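Enquirer: Per the numbering used here, the very first residue in the sequence shown carries number 103; after that it's consecutive.
Ideal placement from N, C-alpha and C gives every residue a C-beta, glycine not left out.
No experiment lies behind these values; they were computed from the predicted model shown.
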Amino acid sequence: MMDRGAWFDRHVNLLRVISLVIILAVVAISSSRMIRRHYSHGDFGVYVHAARLMVAGRNIYTTPTRPVAEGGLFYIYPPLLAFLLVPLTWIPADVSIVLWTVLSVALVGWVVKAFYELVANARFSTLTTRNRWVIVFFPVLLTSRFILQHLDRGQANILELAILVAGFRLADRGRPWLGGGAIGLSVAIKLIGLPVLIWYCMQRSGRVLLGAAVGLAAGLLAPALLIGLRANAFLLRFWLSTCVIGGMRNGSIMPGLAYNYSPLAQLYRFFSPAVAFRRHGHPYSLMIFQLPMPWIHVVDWAVRLALAAAIAAYWLRFRNCSKDAFNGGYAIICVLLPLLFPTAQKNYFVFLLPGYIYAVYVWHFLGLQDRWFRGFSTASFMLASMTTPGLWGKFLGDVFDASGCILFGAILLAAAVFRGADCLCKEAPSTSRNHAAALPGS
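1) Closest by CA to residue 334, which one among 185, 460, 429, 228?
2) How many angstroms separate the CA atom of residue 297 from the CA atom of residue 120?
3) Shortest alpha-carbon distance to residue 263 belongs to which of 367, 179, 303, 455?
4) Run the CB neighbour count on residue 145, radius 10 Å, all protein chains shown included, and call it buried at 16 or more, exposed below.
5) Taking buried to mean at least 16 other C-beta atoms within 10 Å of its own C-beta, is residue 361 buried or exposed?
6) Please list, in chain order, all residues of the same chain as residue 328 whose beta carbon is under 8 angstroms from its beta carbon, the five residues on each side excluded.
7) Give the range of the beta strand (DSSP E) segment to which residue 456 is assigned.
8) Which same chain residues, not among the five before or five after residue 468, have their C-beta less than 8 angstroms away from its C-beta?
9) Grab me the residues of residue 150's own chain with a C-beta within less than 8 angstroms of its C-beta, minus the 5 sequence neighbours each way, in chain order.
10) According to the Cβ coordinates, are residue 273 and residue 310 closer than 8 angstroms?
11) If residue 413 and residue 438 are in contact, beta carbons under 8 angstroms, what's the gap, nearest whole angstrom?
12) Three or more C-beta pairs under 8 angstroms: does that hold for the stretch 277 to 286 against the stretch 241 to 253?
13) In terms of residues, what are the limits of the alpha helix (DSSP H) holding residue 382?
14) Buried or exposed for residue 561, going by 16 or more other Cβ atoms inside 10 Å?
15) Grab the span of the alpha helix (DSSP H) containing residue 479 for me, first residue to last.
16) Could you have a look at residue 292 and say whether DSSP puts it in helix, strand or coil?
17) Indicate, with yes or no, if the ligand FAD has a heavy atom lying under 7 angstroms from the CB of residue 250.
18) Would you say residue 425 faces chain D, with C-beta separation under 8 angstroms as the test?
19) Taking residue 405 as the reference, give the member of 415, 365, 377 with the closest Cα.
20) Do residue 287 and residue 320 count as a contact pair if the criterion is CB distance below 8 angstroms?
21) DSSP on residue 391, reduced to helix/strand/coil?
22) Below 7 angstroms CB to CB, which residues in the same chain sit around residue 504 once its five sequence neighbours on both sides are set aside?
23) Ignore the nearest five residues each way along the sequence and tell me which others in residue 114's own chain have a CB closer than 7 angstroms to its CB.
24) Just verifying my parser: in three-state terms, what is the DSSP assignment at residue 223?
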């Protein structure tokens with residue numbers, strides 16, 4: 103009987119053709135869905151709309167994509183993202199949508215390759231053809247629900263993830279200034295990358311932190327090249343006062359539960375009479391019992407602080423362990439990022455991709471047999487991805503989403519990374535080294 107390796111080698115060309123067809127279909131379908139949204143073109147349309155306003159010298163934060171009553175959206179990010187997309191305002195909108203989708207798909211492939219090389223400390227090109235397919239296919243499959251949702255909306259989180267991974271790699275390879283600069287630049291695009299600095303604060307990596315400060319400053323100042331320093335300063339002040347400080351002041355306002363899967367949103371669903379979801383106009387509640395609103399926010403902050411502390415705890419626990427164990431910290435950071443903010447849409451969970459890359463690496467390449475690690479990994483996928491409405495229908499899918507399956511799936515993936523690293527640390531104590539001292543500038 104032909105073994106699996108021989109079967110794979112025999113059919114690899116067919117698999118390549120099938121994969122190419124699937125990729126082209128994904129690009130075509132996602133682009134088509136955005137193009138058909140004539141008024142907004144998804145989140146990507148919001149970014150390009152802001153870029154056009156910037157070119158016209160107008161306030162990019164006060165004009166929605168269309169009237170708010172008709173579902174118009176406001177741009178809410180720092181000016182840098184709009185500035186970076188200015189070149190896409192020079193070409194037809196439909197073409198820019200296709201280019202953005204192609205870029206996002208290409209970046210997914212690059213993130214898999216780059217993150218594998220980071221955690222494995224080995225070149226992707228040295229893998230056998232079969233193992234290359236394993237490390238690409240399974241992590242992408244496990245996060246496909248969120249990748250597809252991201253592509254359909256034209257979001258920027260894949261770009262954000264790619265820049266963060268580039269920063270991790272540069273810092274890990276002895277280029278802390280550039281690594282920190284990339285991380286700072288990512289924060290200037292979207293604030294979701296800010297908690298990454300916890301990791302480098304724990305390492306006392308001054309060069310990475312200074313590089314991040316320089317990258318952040320450069321990113322915030324870059325739009326001045328187009329609109330001038332005064333106009334850029336005005337936009338930054340407006341963004342800070344309206345989108346950041348104003349958003350914090352409005353923290354007592356219930357987040358949009360129809361699209362939000364953060365810990366705060368889940369607390370509202372379980373401990374307030376909020377409508378968890380609607381089906382055919384009928385409201386459904388999942389309240390277990392009611393808590394006062396201030397209590398909900400106290401618990402939310404406690405949860406988020408605990409998750410942030412988990413990043414620091416990972417460094418403390420595994421700083422003297424093998425590189426295979428220590429490098430799981432980069433996966434922990436990415437997995438927890440969507441959970442550290444009061445809003446987490448489905449597309450934010452593309453940040454689970456590095457976590458699944460690490461899980462596949464430990465499971466398949468290192469051959470870890472620990473039942474808890476494998477159980478956490480499997481349960482994470484079952485909760486986060488296998489509860490999609492595409493498998494269960496819209497009603498049950500809404501029930502699963504409103505019940506926190508995505509949130510708990512992410513937490514289980516973090517638990518899998520912790521468990522895997524703990525097992526690796528116990529199995530290979532002789533290979534341990536102080537990683538805090540390994541990074542230049544630490």
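Expert: Reading it off the structure:
1) Position 232 of the sequence shown, counted from the start, is the residue given in the question as residue 334. Here the closest residue by C-alpha is 185.
2) Counted from its first residue, the sequence shown places residue 297 at position 195. Counted from its first residue, the sequence shown places residue 120 at position 18. Looking at the two C-alpha atoms, the distance is approximately 39 angstroms.
3) Numbered from 1 along the sequence shown, position 161 holds the residue referred to as residue 263. For residue 263, the nearest C-alpha among the options comes from 455.
4) Position 43 of the sequence shown, counting from 1, holds the residue named residue 145. With 16 or more other Cβ atoms within 10 Å, it is buried.
5) What you label residue 361 is simply residue 259 of the sequence shown in a count that begins at 1. Exposed, by the Cβ-count rule.
6) Within the sequence shown, numbered from 1, the residue matching residue 328 stands at position 226. Contacts found: 156, 157, 185, 188.
7) In the sequence shown, counting from the first residue as 1, residue 456 sits at position 354. Counting along the chain, residue 456 falls outside any beta strand (DSSP E), though it belongs to the alpha helix (DSSP H) covering 455 to 462.
8) Position 366 of the sequence shown holds residue 468. Same-chain partners within the cutoff: 426, 526.
9) In the sequence shown, counting from the first residue as 1, residue 150 sits at position 48. For residue 150, where only same-chain residues beyond five positions count, the Cβ hits under 8 angstroms are 143, 187, 190, 191, 195, 198.
10) Start at 1 with the first residue of the sequence shown, and residue 273 comes out as number 171. Start at 1 with the first residue of the sequence shown, and residue 310 comes out as number 208. Yes.
11) As a working note, residue 413 is residue 311 in the sequence shown. As a working note, residue 438 is residue 336 in the sequence shown. Confirmed, Cβ separation roughly 6 angstroms.
12) no
13) Here residue 382 is taken as the residue at index 280 of the sequence shown, counted from 1. Per DSSP, residue 382 belongs to no alpha helix (DSSP H) and is neither H nor E.
14) No answer is possible for residue 561: it lies beyond the span of the chain, which begins at 103 and ends at 544.
15) By 1-based counting over the sequence shown, the position of residue 479 is 377. Here the alpha helix (DSSP H) through residue 479 covers 473 to 486.
16) Reading the sequence shown from its first residue, position 190 is the one you call residue 292. Of the three classes helix, strand and coil, the one that applies to residue 292 here is coil, per DSSP.
17) This structure does not include the ligand FAD; it has no bound ligands of any sort.
18) The question asks about chain D, but that chain is absent: this structure has only one protein chain.
19) Taking the first residue of the sequence shown as position 1, residue 405 is located at position 303. Comparing Cα positions, the closest option is 365.
20) The residue labelled residue 320 in the question sits at position 218 within the sequence shown. The residue labelled residue 287 in the question sits at position 185 within the sequence shown. Yes, Cβ-Cβ distance for residue 320 and residue 287 is below 8 angstroms.
21) Residue 391 sits at position 289 when you count from the first residue of the sequence shown. The answer is coil: DSSP assigns residue 391 none of H, G, I, E or B.
22) Taking the sequence shown and counting its residues from 1, the one referred to as residue 504 is at position 402. Excluding sequence neighbours, residue 504 sits near 371, 378, 379, 388.
23) Your numbering for residue 114 matches position 12 in the sequence shown. Cβ neighbours of residue 114 beyond the five flanking positions: 231.
24) Taking the sequence shown and counting its residues from 1, one reaches residue 223 at position 121. Three-state result, residue 223: coil.
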